[in-house]
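Peer 1: Take a look at the following structure, please.
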Amino acid sequence: MSCGPVPSILSPTRPIPGGPSVDPLHGSFRSSINRERADEAAHRAHELLTDEVLGRLLSTPREPAAQVPRAREVFVNRNLRMDHVELIGFDMDYTLAIYHMRRLEQLSFDMTIAKMISEYGYPPFIGGLLYDHHFVMRGLAVDRVNGNVLKMDRFGHVGRAYHGLRPLKREAWKELYRNKRVRLRNPQFAWNDTLFALPETCLFSGIIELMESMGHTVGYGKLYDDIREAIDTVHRDNSLKREIRKDLARYVFLDPELGPALHKLRSGGKRLFLLTNSAWDYTNAVMRYLLDGQLPEYPSWRNYFDFTVTAAGKPAFFTENRPFLELDSTTEEGKVVGEAKSLERGTVYSGGNLAQFEEMTGYRGEHILYVGDHIYGDILKSKKSSLWRTCMVVQEIEDEITYTDQRRADIGTLSEVELTRARLDDEVNHRKTVLNSVERRLERGELPEAERLEAEELRKKTKAELEKLRKSLKETNGIADTLERDVEEGFNPYWGLLFKEGNENSRFGYQVEQYACLYTSRVSNFLHHSPMQYYRSPRDLMAHEQAGALSSKMSPLGSEGPPKGSGKE
1 MSCGPVPSIL SPTRPIPGGP SVDPLHGSFR SSINRERADE AAHRAHELLT DEVLGRLLST
61 PREPAAQVPR AREVFVNRNL RMDHVELIGF DMDYTLAIYH MRRLEQLSFD MTIAKMISEY
121 GYPPFIGGLL YDHHFVMRGL AVDRVNGNVL KMDRFGHVGR AYHGLRPLKR EAWKELYRNK
181 RVRLRNPQFA WNDTLFALPE TCLFSGIIEL MESMGHTVGY GKLYDDIREA IDTVHRDNSL
241 KREIRKDLAR YVFLDPELGP ALHKLRSGGK RLFLLTNSAW DYTNAVMRYL LDGQLPEYPS
301 WRNYFDFTVT AAGKPAFFTE NRPFLELDST TEEGKVVGEA KSLERGTVYS GGNLAQFEEM
361 TGYRGEHILY VGDHIYGDIL KSKKSSLWRT CMVVQEIEDE ITYTDQRRAD IGTLSEVELT
421 RARLDDEVNH RKTVLNSVER RLERGELPEA ERLEAEELRK KTKAELEKLR KSLKETNGIA
481 DTLERDVEEG FNPYWGLLFK EGNENSRFGY QVEQYACLYT SRVSNFLHHS PMQYYRSPRD
541 LMAHEQAGAL SSKMSPLGSE GPPKGSGKE
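Residue 130 in the UniProt record's numbering sits at position 130 of the sequence shown, and the numbers go up by one each step.
So this is what it looks like as structure tokens:
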């Protein structure tokens with residue numbers, strides 16, 4: 001009589017059989033030649049790491065460099081070798097030109113309200129609305145159907161929502177957003193990721209709050225479209241920029257390190273170009289204010305740049321085939337001379353497209369770094385249309401880092417409480433498991449007297465411990481929620497931190513991470529780095545590596561090339 005096969009039993013302490021030790025389940029045998037090469041490399045590694053001369057060279061301190069504040073650093077999402085970059089381009093507005101946001105937002109808000117009353121038929125009483133600078137930040141979405149303003153985490157889940165200027169009621173939040181991910185391609189939602197769009201969010205919520213409190217019905221979609229069109233017109237017809245030009249010192253910060261930073265890049269062999277959506281007259285006025293006379297080597301701002309393109313029409317510049325037009329830069333308005341057949345230093349152009357730009361300049365793909373402030377117009381579209389490397393200017397990061405540094409002690413306490421909460425949760429679950437096991441043993445009623453008494457004592461002890469742990473967990477939840485709310489609302493009373501939402505990165509933070517190779521608060525931060533700098537980022541670790549798997553020690557730095565989101569739609 002034959003017996004069936006003996007069942008294979010997994011060991012609780014050893015790997016699944018079939019691994020590299022005998023019969024490789026994963027991977028293959030290494031040949032003796034490969035083994036010899038590995039042994040030789042290990043020997044060479046030992047010699048390298050114990051080389052005394054090399055050790056002295058690597059341990060000798062360099063000349064002390066000026067301490068760069070954390071808020072002024074260049075942050076790295078994707079490794080970037082600056083010695084591979086030959087051409088660096090810059091947007092102007094909110095990139096080379098850092099605006100005084102409070103003053104500019106107020107001006108834009110006031111001009112948009114005036115236009116809505118005079119040209120769109122809105123009642124004059126909306127002219128009494130006040131602009132609340134705290135109510136707006138980048139990365140909010142407008143629900144055009146329900147009249148709400150939302151902040152989402154990286155997955156698109158809504159963490160905070162306002163209707164008018166008041167938090168959305170919990171019941172309405174649950175009904176509309178609890179089990180829904182906000183997809184920004186859905187026309188129901190409008191994504192506000194630019195600094196110039198901040199006033200429209202405040203105006204949208206302010207008009208809803210005012211008119212609904214007076215008993216008026218508001219068509220949310222039409223209201224948003226009217227605001228969007230009005231604020232676009234204020235920008236497009238140059239009425240806003242005319243006001244700014246009257247007093248540039250009021251609206252534009254002078255950065256004394258901007259000229260030296262651009263000079264350092266040029267001295268490192270880089271060629272520079274300006275690619276802005278602003279027209280020639282405004283561009284010339286702002287750039288003269290920013291750079292003329294900063295350095296004696298550059299009597300005019302135009303001396304910094306090899307190519308100057310105005311009215312570029314981004315993001316269409318990256319996706320369409322509009323021609324380059326040569327402008328007469330001696331005229332105030334930049335009169336069109338004709339279609340450009342080449343791009344020359346000292347000449348000013350408008351329009352254009354990516355393909356012709358690369359062809360006419362002779363620079364392509366990853367040899368070009370573009371620095372801008374707009375995720376969609378400057379960063380995302382350039383990544384999807386080309387292999388250009390990207391740096392995003394996020395001026396708000398200086399405020400957020402400075403603020404969180406000031407709250408270091410509070411954040412440290414919150415972190416301790418959060419870790420304690422997780423530990424308490426684990427201990428509660430462990431005690432519940434122990435208690436269930438003991439009670440099942442007692443329910444069966446088959447224990448000898450001594451074991452029964454011991455089990456009852458364990459049940460009593462476990463119940464007391466469980467009660468203490470549960471009480472502490474409830475208290476810890478309340479403490480953590482209060483401390484977190486205090487830190488978040490200390491930065492912004494409505495929306496919290498810019499780059500965070502709940503326990504995750506915010507949607508805005510996620511997009512910066514996905515689409516920008518580098519990000520920093522201002523262009524002049526490059527002054528603190530070599531033009532040949534190798535910007536390195538740590539490799540993303542998987543959960544099992546974060547838990548201690550030694551593969552986390554291999555290739556600790558990330559790879560080069562386009563950022564994570566460059567191929568996404």
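Backbone N, C-alpha and C fix where the C-beta goes; we use that ideal spot for every residue, glycine too.
Quick one: using the 10 Å Cβ neighbour count with 16 as the cut-off for buried, is Lys180 buried or exposed?
Peer 2: As a working note, residue 180 is residue 180 in the sequence shown. Classification of Lys180: exposed, given that the 10 Å Cβ count is below 16.
Peer 1: Using alpha carbons as the reference points, say which of Leu483, Gln406 and Arg103 lies closest to Glu243.
Peer 2: Stepping through the sequence shown from its first residue, residue 243 is reached at position 243. For Glu243, the nearest C-alpha among the options comes from Arg103.
Peer 1: Tell me which residue opens and which closes the alpha helix (DSSP H) that Leu262 is part of.
Peer 2: Translated into the one-based positions of the sequence shown, residue 262 becomes position 262. Leu262 -> alpha helix (DSSP H) spans Leu258 to Ser267.
Peer 1: Cutting at 8 Å between CB atoms, please list the residues of its own chain near residue 578, excluding the five before and the five after it.
Peer 2: Any answer about residue 578 is impossible in this case: the structure gives the chain only from 1 up to 569.
Peer 1: For Leu262, collect the residues of the same chain with a Cβ closer than 7 Å to its Cβ; drop the 5 residues on either side in sequence, then sort them by chain order.
Peer 2: Locating residue 262 in the sequence shown gives position 262, where the first residue counts as 1. The residues are Leu272 and Tyr304.
Peer 1: Kindly identify the DSSP beta-bridge partner or partners of Gly372.
Peer 2: The count along the sequence shown starts at 1 and reaches residue 372 at position 372. Answer is Met392, bridged to Gly372.
Peer 1: With DSSP run on the structure shown, which of helix, strand or coil describes His544?
Peer 2: Along the sequence shown, one-based indexing puts residue 544 at 544. The answer is helix: DSSP assigns His544 an H, G or I state.
Peer 1: Which of helix, strand or coil does DSSP assign to Thr308?
Peer 2: Position 308 of the sequence shown holds residue 308. If DSSP states are grouped into helix, strand and coil, Thr308 belongs with the strands.
Peer 1: To the nearest angstrom, report how far apart Val329 and Leu168 are at their CA atoms.
Peer 2: Position 329 of the sequence shown, counted from the start, is the residue given in the question as residue 329. Position 168 of the sequence shown, counted from the start, is the residue given in the question as residue 168. In the sequence under discussion, the amino acid at residue 329 is Ser, which differs from the Val named in the question. Each residue's Cα considered, the two are about 52 Å apart.
Peer 1: Alpha carbon to alpha carbon, how far is His134 from Thr194? Give it in angstroms, no decimals.
Peer 2: Looking up residue 194 in the sequence shown gives position 194. Looking up residue 134 in the sequence shown gives position 134. Each residue's alpha carbon lies about 16 Å from the other.
Peer 1: Assuming contact is defined by CB atoms lying nearer than 8 Å, are Cys517 and Arg389 in contact in what I supplied?
Peer 2: Numbered from 1 along the sequence shown, position 517 holds the residue referred to as residue 517. Numbered from 1 along the sequence shown, position 389 holds the residue referred to as residue 389. The answer is yes: Cβ separation under 8 Å.
Peer 1: Output needed for Tyr370: all residues of its chain with C-beta closer than 6 Å, excluding positions within five of it in sequence on either side, in chain order.
Peer 2: For the purposes of this step, residue 370 is taken as residue 370 along the sequence shown, with counting starting at 1. Cβ neighbours of Tyr370 beyond the five flanking positions: Gly89, Ser382, Trp388 and Thr390.
Peer 1: Would you please state the rounded distance, in angstroms, between the beta carbons of Asn148 and His163? I believe it to be under 8 Å.
Peer 2: As a working note, residue 148 is residue 148 in the sequence shown. As a working note, residue 163 is residue 163 in the sequence shown. Rounded, the Cβ-Cβ distance is 5 Å, consistent with contact.
Peer 1: Taking Met152 as part of the beta strand (DSSP E), name the residues at either end of that continuous run.
Peer 2: Translated into the one-based positions of the sequence shown, residue 152 becomes position 152. Taken as a continuous stretch (DSSP letters only), the beta strand (DSSP E) holding Met152 covers Asn148 to Met152.
Peer 1: If you follow the beta strand (DSSP E) that Gln350 is part of, which residue opens it and which one closes it?
Peer 2: Within the sequence shown, residue 350 is the residue found at index 350, counting from 1. The sequence given here places Ser at residue 350; Gln does not occur at that position. First-last of the beta strand (DSSP E) with Ser350: Val348 to Gly351.
Peer 1: With 16 other CB atoms within 10 Å as the buried threshold, where does Thr402 fall?
Peer 2: Reading the sequence shown from its first residue, position 402 is the one you call residue 402. It is exposed - the Cβ of Thr402 has fewer than 16 other Cβ atoms within 10 Å.
Peer 1: Quickly, what does DSSP pair Asn505 with across the bridge? List them, please.
Peer 2: Here residue 505 corresponds to residue number 505 of the sequence shown, with the count starting at 1. Paired residues: Lys500.
Peer 1: Report the rounded CA-to-CA distance for Trp280 versus Thr310, giving the unit in angstroms.
Peer 2: Taking the first residue of the sequence shown as position 1, residue 280 is located at position 280. Taking the first residue of the sequence shown as position 1, residue 310 is located at position 310. So the alpha carbons of these two residues sit roughly 6 Å apart.
Peer 1: Is the stretch 533-550 touching the stretch 76-88 in the sense that three or more CB pairs, one from each, lie closer than 8 Å?
Peer 2: With a cut-off of 8 Å, the stretch 533-550 and the stretch 76-88 count as touching, because enough Cβ pairs lie within range.
Peer 1: What is the C-beta distance between Val145 and Val182, in whole angstroms, given that I count them as a contact (C-beta under 8 Å)?
Peer 2: For the purposes of this step, residue 145 is taken as the residue at position 145 of the sequence shown. For the purposes of this step, residue 182 is taken as the residue at position 182 of the sequence shown. Contact doesn't hold; Cβ gap of about 12 Å is too wide.
Peer 1: Could you check if Arg408 is buried or exposed, using at least 16 other CB atoms within 10 Å of its CB as the buried criterion?
Peer 2: For the purposes of this step, residue 408 is taken as the residue at position 408 of the sequence shown. Exposed.
Peer 1: Which residue spans inside the stretch 438-464 form an unbroken alpha helix (DSSP H) run of at least 4?
Peer 2: Here no run is fully enclosed.
Peer 1: Since I believe Thr319 is in contact with Leu199 (beta carbons under 8 Å), could you give me their beta-carbon distance rounded to a whole number of angstroms?
Peer 2: Taking the sequence shown and counting its residues from 1, the one referred to as residue 199 is at position 199. Taking the sequence shown and counting its residues from 1, the one referred to as residue 319 is at position 319. According to the sequence provided, residue 199 is Pro. The question's Leu does not apply to it. Actually they do not touch by this definition, with Cβ atoms about 28 Å apart.
Peer 1: With DSSP run on the structure shown, which of helix, strand or coil describes Asp425?
Peer 2: Here residue 425 is taken as the residue at index 425 of the sequence shown, counted from 1. Here Asp425 sits in helix by DSSP.
Peer 1: Quick check on Ser524: buried or exposed, where buried means 16 or more other Cβ atoms within 10 Å of its Cβ?
Peer 2: Counting from 1 along the sequence shown, the entry for residue 524 is found at position 524. It counts as buried.
Peer 1: Going by beta-carbon coordinates alone, are residue 589 and Leu210 separated by less than 8 Å?
Peer 2: It is not possible to answer for residue 589, since the shown part of the chain is limited to 1 through 569.
Peer 1: Are the beta-carbon atoms of Tyr224 and Val136 separated by less than 8 Å?
Peer 2: For this step, residue 224 is matched to residue 224 along the sequence shown. For this step, residue 136 is matched to residue 136 along the sequence shown. Taking 8 Å as the Cβ cut-off, Tyr224 and Val136 do not qualify as a contacting pair.
Peer 1: From the DSSP output, which residues share a beta bridge with Leu518?
Peer 2: For the purposes of this step, residue 518 is identified with residue 518 of the sequence shown, where counting begins at 1. Its beta-bridge partners are Val76 and Cys391.
Peer 1: Ile9 by DSSP, collapsed to three states: which one?
Peer 2: Walking along the sequence shown from the start, residue 9 turns up at place 9. Residue state, collapsed to three classes: coil.
Peer 1: At what residues does the beta strand (DSSP E) containing Asp399 begin and finish?
Peer 2: On the sequence shown, position 399 is the one that residue 399 refers to. Not the beta strand (DSSP E): Asp399 falls in the alpha helix (DSSP H), residues Ile397 to Gln406.
Peer 1: How about Val393 and Thr95: are their beta carbons less than 8 Å apart?
Peer 2: Numbered from 1 along the sequence shown, position 393 holds the residue referred to as residue 393. Numbered from 1 along the sequence shown, position 95 holds the residue referred to as residue 95. Cβ atoms of Val393 and Thr95: closer than 8 Å.
Peer 1: Strictly by DSSP, which residues pair up with Asp328?
Peer 2: Translated into the one-based positions of the sequence shown, residue 328 becomes position 328. Asp328 is bridged to Lys335.
Peer 1: Taking only the alpha-carbon atoms, compute the straight-line gap between Trp495 and Trp173 and give it to the nearest angstrom.
Peer 2: As a first step, residue 495 must be located in the sequence shown, where it is residue number 495. As a first step, residue 173 must be located in the sequence shown, where it is residue number 173. Using only the alpha carbons, I get a separation of about 16 Å.
Peer 1: Would you mind sorting Thr217 into buried or exposed? The rule is 16 or more other CB atoms within 10 Å of its CB.
Peer 2: Working through the sequence shown from its first residue, we reach residue 217 at position 217. Answer is exposed; the Cβ neighbour count stays below 16.
Peer 1: If you compare alpha carbons, which of Met532, Pro531, Ser530 and Met554 is closest to Leu541?
Peer 2: Counted from its first residue, the sequence shown places residue 541 at position 541. The option with the nearest alpha carbon to Leu541 is Met554.
Peer 1: Looking only at its chain, what residues have a beta carbon closer than 8 Å to the beta carbon of Val53, apart from the 5 residues adjacent to it on each side?
Peer 2: As a first step, residue 53 is located in the sequence shown; it is residue number 53 there, counting from the start. Excluding positions up to five away in sequence, the list is empty.
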